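Enquirer:
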Amino acid sequence: MAAVDAVLATDEFESVQAVVDALREQGYIADTRLATTVFLLTRLDKPLLLEGPAGVGKTELAKMLAAATGRRLLRLQCYEGQDETKALYEWDYGKQLLYTQILREKIGQVVADAPDLHEAVERIGAQESVFFSERFLAPRPLLEAIRSPEPVVLLIDEVDRADEALEAVLLETLGEFQISVPEVGTFSADRRPYVLLTSNNTRDLAAALKRRCLHLFLDYPAAERELEIVRSKKTGLSDALAEELVNVVRGLRELELRKAPSISETIDWARTLAVLGVDELNAQILSDTVSVVVKYDKDVKKALDALPRLVDPNAEVPEAHGHGHGHGHGHSDHAHDDEPGGADGREVRAAKDQAGRHGDGVYGTPKYAKDTPVDAPAKARNVTSSQGSRSFGLGRKRAL
49 MAAVDAVLAT DEFESVQAVV DALREQGYIA DTRLATTVFL LTRLDKPLLL EGPAGVGKTE
109 LAKMLAAATG RRLLRLQCYE GQDETKALYE WDYGKQLLYT QILREKIGQV VADAPDLHEA
169 VERIGAQESV FFSERFLAPR PLLEAIRSPE PVVLLIDEVD RADEALEAVL LETLGEFQIS
229 VPEVGTFSAD RRPYVLLTSN NTRDLAAALK RRCLHLFLDY PAAERELEIV RSKKTGLSDA
289 LAEELVNVVR GLRELELRKA PSISETIDWA RTLAVLGVDE LNAQILSDTV SVVVKYDKDV
349 KKALDALPRL VDPNAEVPEA HGHGHGHGHG HSDHAHDDEP GGADGREVRA AKDQAGRHGD
409 GVYGTPKYAK DTPVDAPAKA RNVTSSQGSR SFGLGRKRAL
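Heads up, this note's numbering is the position in the sequence shown plus 48, with the first residue counted as 1.
Okay, here's the thing in structure tokens:
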């Protein structure tokens with residue numbers, strides 16, 4: 049805890065290694081590249097934009113940074129259609145109306161001796177600042193971070209999901225650490241917050257926004273670091289099985305999946321296997337629990353096909369041909385058990401083309417079939433021209 053206590057005392061990291069140690073004590077395993085970027089964030093007073101696939105620890109970094117520095121975490125969760133009022137501030141109109149009703153008598157006294165309507169409006173207008181003051185201002189995460197008397201960590205999560213209009217609003221906040229409220233004035237931060245923005249790359253962000261930020265692309269970690277992360281979470285899975293599981297997950301990420309397994313899902317899978325008391329990884333137990341890390345139907349099918357090979361590269365997997373039920377039917381001819389001697393498929397199909405093979409009474413069987421041996425050559429039926437005309441509709445034209 050010595051590293052954390054030192055950071056809490058100064059609210060700053062002394063070195064890159066201090067960042068690594070402080071985050072590790074909070075359960076976050078950071079490599080030197082990530083720790084260096086966080087160190088610069090705290091020293092340069094610039095926001096940090098973290099981009100990368102979902103589930104690699106971008107949001108978690110902000111939480112652990114707040115815990116390591118003792119700062120309060122403020123979070124703005126972005127979403128499509130979000131406007132600036134949900135990010136900056138709103139006016140508490142209900143409170144304003146309540147105050148107006150309570151002070152109605154006092155307002156009446158202000159305009160009681162006004163000679164005309166114009167003078168009454170001017171007198172009320174002179175009191176406008178009373179009802180448009182900080183008392184009625186409802187701060188949202190951005191304004192709250194700027195106005196906070198104590199330093200905070202501001203997380204702007206999944207900024208790529210918000211509309212581009214919100215990016216324009218962020219430019220003033222992230223560039224000058226201030227927010228302008230037309231009715232009141234401009235608020236500037238006394239203690240600049242640590243600002244982290246995350247993006248899952250669902251769309252490209254504006255160049256003006258990126259220019260104001262430090263930038264880091266956070267990808268899936270190397271196998272050694274991911275294994276260290278899983279072990280640090282005390283999942284209950286043995287180290288040997290955890291290492292095998294990490295390799296399986298990394299193999300799944302190489303498939304063309306709609307959503308690759310995240311680090312947090314790897315941890316969930318390890319805990320799942322530990323709860324089930326698994327002492328050996330095999331394709332069956334992984335197939336039964338693969339939904340912990342793979343969340344789309346088509347991805348599940350791809351994962352199920354790949355798991356035997358990922359567990360044992362030398363495993364021989366029966367090839368399926370798209371039936372979706374695991375029958376494994378091929379396109380070559382089969383010898384069925386009820387066919388004596390395992391007859392060749394071409395012979396079986398030829399026998400099925402033999403006339404009269406079904407016996408008497410079956411649709412399409414000639415009436416004389418009951419008196420004819422089954423293995424006798426089939427007699428061709430004579431079809432008259434009138435029968436052909438009736439069959440194909442040539443003998444009579446239907447009125448339209």
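Just so you know, even glycine gets a beta-carbon here, dropped at the ideal spot from N, CA and C. Predicted model only: the values in this text are computed from it and were never measured.
Evaluate Lys106 with the Cβ neighbour count: other Cβ atoms within 10 Å of its Cβ, from every protein chain shown; 16 or more gives buried, anything less gives exposed.
Expert: Along the sequence shown, read from residue 1 onward, the residue named residue 106 stands at position 58. Buried is the call here.
Enquirer: What does Phe184 pair with, by DSSP beta-bridge criteria?
Expert: Within the sequence shown, the letter at position 136 stands for residue 184. In the DSSP output, where bridge partners are listed per residue, Phe184 has none listed.
Enquirer: Looking only at its chain, what residues have a beta carbon closer than 7 angstroms to the beta carbon of Ser280, apart from the 5 residues adjacent to it on each side?
Expert: As a first step, residue 280 is located in the sequence shown; it is residue number 232 there, counting from the start. Hits under 7 angstroms: Gly75 and Ile77.
Enquirer: Answer yes or no: the CB of Ala70 versus the heavy atoms of the ligand COA, is any distance below 7 angstroms?
Expert: Among the components modelled here there is no ligand, and therefore nothing to report on the ligand COA.
Enquirer: Suppose you measure from the CA of Glu272 to the CA of Thr250; what does that come to, to the nearest Å?
Expert: For the purposes of this step, residue 272 is taken as residue 224 along the sequence shown, with counting starting at 1. For the purposes of this step, residue 250 is taken as residue 202 along the sequence shown, with counting starting at 1. When rounded, the distance between both Cα atoms is 28 angstroms.
Enquirer: Do Leu264 and Leu98 have their C-beta atoms within less than 8 angstroms of each other?
Expert: As a position in the sequence shown, residue 264 is number 216, starting the count at 1. As a position in the sequence shown, residue 98 is number 50, starting the count at 1. For Leu264 and Leu98, yes; Cβs fall inside 8 angstroms.
Enquirer: Between the Cα of Leu245 and the Cα atoms of Asp238, Arg123, Phe87 and Val64, which residue gives the shortest distance?
Expert: Position 197 of the sequence shown, counted from the start, is the residue given in the question as residue 245. Residue Arg123 is the option with its Cα nearest to Leu245.
Enquirer: What first and last residue would you give for the beta strand (DSSP E) that runs through Arg120?
Expert: Start at 1 with the first residue of the sequence shown, and residue 120 comes out as number 72. Arg120 to Gln125 is the extent of the beta strand (DSSP E) around Arg120.
Enquirer: Do Thr90 and Gly62 come within 8 angstroms of each other at the CB atom, strictly closer than that value?
Expert: Against the sequence shown, residue 62 aligns to sequence position 14. Against the sequence shown, residue 90 aligns to sequence position 42. A small correction: the amino acid at residue 62 is Glu; Gly does not occupy that position in the sequence shown. For Glu62 and Thr90, no; Cβs fall outside 8 angstroms.
Enquirer: Would Val278 pass as a contact of Ala290 if the rule is Cβ separation under 8 angstroms?
Expert: For this step, residue 278 is matched to residue 230 along the sequence shown. For this step, residue 290 is matched to residue 242 along the sequence shown. Going by C-beta atoms, Val278 is nearer than 8 angstroms to Ala290.
Enquirer: Who are the near neighbours of Leu191 in its chain, counting only those whose CB is closer than 7 angstroms to its CB and skipping five residues on each side?
Expert: For the purposes of this step, residue 191 is taken as the residue at position 143 of the sequence shown. Result list for Leu191: Leu136, Tyr137, Ile227 and Phe235, in chain order.
Enquirer: What span of residues does the alpha helix (DSSP H) with Gly156 cover, start to end?
Expert: Counted from its first residue, the sequence shown places residue 156 at position 108. That run of the alpha helix (DSSP H) goes Arg152 to Val158.
Enquirer: Given that a residue counts as buried once 16 or more other Cβ atoms are within 10 Å of its Cβ, and exposed if not, what is Arg306?
Expert: Taking the first residue of the sequence shown as position 1, residue 306 is located at position 258. With fewer than 16 Cβ atoms within 10 Å of its Cβ, Arg306 is classed as exposed.
Enquirer: May I ask you to verify whether the region 101-118 touches the region 188-202, counting CB pairs closer than 8 angstroms and requiring at least 3?
Expert: As far as the Cβ criterion goes, the region 101-118 touches the region 188-202, which means the pair count is three or higher.
Enquirer: Can you tell me which of the three DSSP states Phe87 falls into?
Expert: The residue given as residue 87 occupies position 39 in the sequence shown. Of the three classes helix, strand and coil, the one that applies to Phe87 here is helix, per DSSP.
Enquirer: Going by DSSP in three states, Gln130 sits in which element: helix, strand or coil?
Expert: Within the sequence shown, numbered from 1, the residue matching residue 130 stands at position 82. Gln130 falls in the coil class under three-state DSSP.
Enquirer: Pull up the distance between the alpha-carbon of Ala237 and that of Gly129, whole angstroms please.
Expert: The count along the sequence shown starts at 1 and reaches residue 237 at position 189. The count along the sequence shown starts at 1 and reaches residue 129 at position 81. Those two C-alpha atoms are separated by around 28 angstroms.
Enquirer: From Gly233 to Tyr268, what distance separates their C-alpha atoms?
Expert: As a first step, residue 233 is located in the sequence shown; it is residue number 185 there, counting from the start. As a first step, residue 268 is located in the sequence shown; it is residue number 220 there, counting from the start. When rounded, the distance between both Cα atoms is 44 angstroms.
Enquirer: Quick one: what's got a C-beta closer than 6 angstroms to Leu358's C-beta in the same chain, skipping five residues either side?
Expert: Stepping through the sequence shown from its first residue, residue 358 is reached at position 310. Taken in chain order, the residues that qualify are Val296 and Gly299.
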